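All remarks here apply to the structure that follows.
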Ligand code: PEP
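Residue numbers (the numbering used here): 176 to 424.
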C-alpha cells in the first residue's frame, strides 16, 4: 500500500486579517518545525500572500477557500486558479458545505472547478458530506456517492490521487458534535471504495475527516485506517490548538 502522508488543514473561513494571519504563522512555525505531516493553511484571499511569504521553507502549504473555474474573464469579484498559482498558492478548498449552502455552489460547477484546479497545478481539497436528515434517512452513502461521481466526473482516473477528499458531515461542522471514529471511518472507507471503482489508485488518495476536530479527539479519529488527516475549522484559529492537533496525529 502506498504511504499516505498525514494531511492536516486549517480552514480559517472568514477569519483573520493580514496582520492576524502573520501573527498566527509566526506562532505556529516553531511548534511544527519537526513535523513530517503536510500542514495546510486555507486562508482568506487577502491573507494568502502573507501566509505564503511567512511560511516559505517550512512544512506549511497554503490553500485558498474557493476559486472560479475560468482562467480569466468578466466575473466580477472572482479569483481564478492561475491567479492563485501565480501567488504561489498550493491548493484550493472546493465544495465546502458552507459554499454549497450559502453560495449555491453546485455539483455542476464543481465538476468544472476540480479539473480547472488540477490543470493549473493546484491541489483540490474536495469536500463532501451528508446532512443530518440524510444520515437519519440512511442516505449517507448515496449522498457521498452522488457528490463524488458528479464532482469528479471530468477527472481522469490517473489524476484522482492528486485530489484530497475531505469527508465533512454537515451536522458535525461548527456544532461541537464530532462524528464517532467508527462513523468517520465507515464513511471514509466508503469514499475510498467509490474512488477505486472510478479507477483511482485509491490507496494513494488522502481522505480527511472534518467536523469539530479538536486536540482532544484528533488522535482517535486519525488512528482510523482510512482517515489520513483532518480539515479543521474552529480549532484551527488558535495556533496552540492547531499545533496540538498536528502533534496528536
Ligand atoms: C470546516 O470548516 O471545514 C470545519 C470542519 O469546521 P469545524 O472544525 O469548526 O467543525
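For every residue, glycine included, the Cβ atom is placed at its ideal position computed from N, Cα and C.
The structure presented is a predicted model; accordingly, all values stated were derived computationally and were not measured.
If distances are taken between C-alpha atoms only, which option among the options comes closest to residue i?
i: residue 318; options: 330, 335 and 272; result: 272
i: residue 219; options: 355, 191 and 413; result: 191
i: residue 241; options: 224, 205 and 259; result: 259
i: residue 398; options: 225, 182 and 424; result: 424
i: residue 274; options: 303, 379, 295 and 296; result: 303
i: residue 313; options: 270, 362, 377 and 335; result: 362
i: residue 211; options: 201, 198 and 233; result: 233
i: residue 245; options: 288, 380 and 205; result: 288
i: residue 390; options: 366, 354 and 419; result: 419
i: residue 257; options: 367, 297 and 316; result: 297
i: residue 207; options: 230, 351, 194 and 348; result: 230
i: residue 364; options: 351, 347, 379 and 254; result: 379
i: residue 315; options: 294, 345, 295 and 330; result: 345
i: residue 322; options: 352, 270, 307 and 253; result: 270
Using DSSP bridges, identify the partner residues of residue i.
i: residue 243; result: 255
i: residue 236; result: 215
i: residue 327; result: According to DSSP, which records beta bridges pairwise, residue 327 is partnered with nothing at all.
i: residue 183; result: 214 and 405
i: residue 268; result: 300
i: residue 341; result: 302 and 383
Is the beta carbon of residue j closer than 8 Å to that of residue i?
i: residue 266; j: residue 286; result: no
i: residue 356; j: residue 396; result: yes
i: residue 292; j: residue 299; result: yes
i: residue 383; j: residue 404; result: yes
i: residue 336; j: residue 376; result: yes
i: residue 341; j: residue 412; result: no
i: residue 264; j: residue 301; result: no
i: residue 385; j: residue 422; result: no
i: residue 262; j: residue 227; result: yes
How long is the line joining the alpha carbons of residue i and residue j, rounded to whole angstroms?
i: residue 178; j: residue 249; result: 43 Å
i: residue 196; j: residue 326; result: 31 Å
i: residue 176; j: residue 216; result: Because the pLDDT of residue 176 is 48, which lies under 50, any placement of that residue in the model is unreliable, and the number read from its coordinates should be weighed accordingly. Approximately 28 Å, taken between the alpha carbons.
i: residue 401; j: residue 417; result: 21 Å
i: residue 415; j: residue 205; result: 11 Å
i: residue 387; j: residue 214; result: 18 Å
i: residue 284; j: residue 253; result: 14 Å
i: residue 235; j: residue 243; result: 24 Å
Considering residue i, what are the terminal residues of the alpha helix (DSSP H) in which it resides?
i: residue 290; result: 282 to 295
i: residue 358; result: 356 to 372
i: residue 178; result: From DSSP, residue 178 is part of no alpha helix (DSSP H); its letter is neither H nor E.
i: residue 278; result: From DSSP, residue 278 is part of no alpha helix (DSSP H); its letter is neither H nor E.
Between which two residues does the beta strand (DSSP E) harbouring residue i extend?
i: residue 382; result: 382 to 385
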